[in-house]
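Trainee: The structure that follows is given in the form of structure tokens.
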Amino acid sequence: MWEISMEGLLSLIRKTTQSSLSYICEKTGDSLSNRMDELACFVLGMLALGSFSKFLIELAWTCYNFYQSTPTKLAGQNYYFNGGEDMNVGTSWNILRPETVASLMYLWWFTGNKTYQDWGRNIFQAFEKNCRINSGYVGLRDVKTGEKDNMMQSFFLAETL
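Here the sequence shown is numbered in my numbering, starting from 6 and rising by one per residue.
The following block contains the structure:
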């Protein structure tokens with residue numbers, strides 16, 4: 006079942022032409038969309054638990070760049086990869102999701118590679134700078150402008166931190 010699932014996953018992988026970023030297309034019925042939600046970054050942790058491959062490292066780089074590509078250094082909800090071009094923020098809110106951070110923790114744990122720890126620290130510092138308020142943390146309505154929302158999701162403390 007794992008191998009069949011991985012064949013399906015691999016059929017959804019595309020690369021941008023400019024920076025060679027790997028991403029997972031969204032599939033609805035028979036149509037593919039060159040869009041990837043930040044939520045899909047859980048795949049890193051899943052693959053780290055099940056196997057280790059070059060694709061895993063490439064996808065980690067893409068998910069980390071979801072964060073590095075915005076002025077706030079926080080990822081938007083999803084990204085588009087149109088015509089093989091590099092990513093563009095689709096939905097630009099950030100609600101403090103854990104998927105990339107958790108996956109980076111798994112990668113550091115399995116490999117001992119300090120790079121993944123550094124990437125996690127960079128993301129944490131962006132949360133501290135952009136989302137920290139006196140009573141906790143809030144998400145952002147827009148990762149480009151840094152406009153804050155007024156809610157701390159319950160999963161932030163339990164899963165992201």
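Even glycine gets a Cβ: it sits at the ideal position worked out from N, Cα and C.
How would you write the range of the beta strand (DSSP E) that residue 6 sits in, first residue to last?
Mentor: Neither: residue 6 is in no beta strand (DSSP E) and is coded neither H nor E.
Trainee: My assumption, with CB atoms under 8 Å, is that residue 144 sits in contact with residue 98. Please give the rounded CB distance.
Mentor: That pair is a contact at about 6 Å.
Trainee: Return the residue from the list 35, 162, 31 and 88 that minimises the CA-CA distance to residue 42.
Mentor: Comparing Cα-Cα distances from residue 42 to each of 35, 162, 31 and 88, the minimum goes to 31.
Trainee: If you measure between the beta carbons of residue 27 and residue 20, is that distance less than 8 Å?
Mentor: Cβ distance < 8 Å, so residue 27 and residue 20 count as in contact.
Trainee: Is the Cβ-Cβ distance between residue 85 and residue 78 less than 8 Å?
Mentor: Going by C-beta atoms, residue 85 is not nearer than 8 Å to residue 78.
Trainee: Shortest alpha-carbon distance to residue 40 belongs to which of 60, 96, 15 and 76?
Mentor: Measuring from the Cα of residue 40, the nearest candidate turns out to be 96.
Trainee: Within the same chain, show all residues whose beta-carbon is closer than 6 Å to that of residue 89, passing over the 5 residues directly before and after it, in chain order.
Mentor: 21 and 22.
Trainee: Report, in whole angstroms, the separation of the C-beta atoms of residue 132 and residue 121, which I expect to be a contact under 8 Å.
Mentor: About 17 Å; that fails the 8 Å criterion.
Trainee: Fully enclosed by the stretch 29-105, which alpha helix (DSSP H) runs are 4 residues long or longer?
Mentor: Counting whole runs of 4 or more residues, the stretch 29-105 contains the alpha helix (DSSP H) stretches 47-55 and 59-73.
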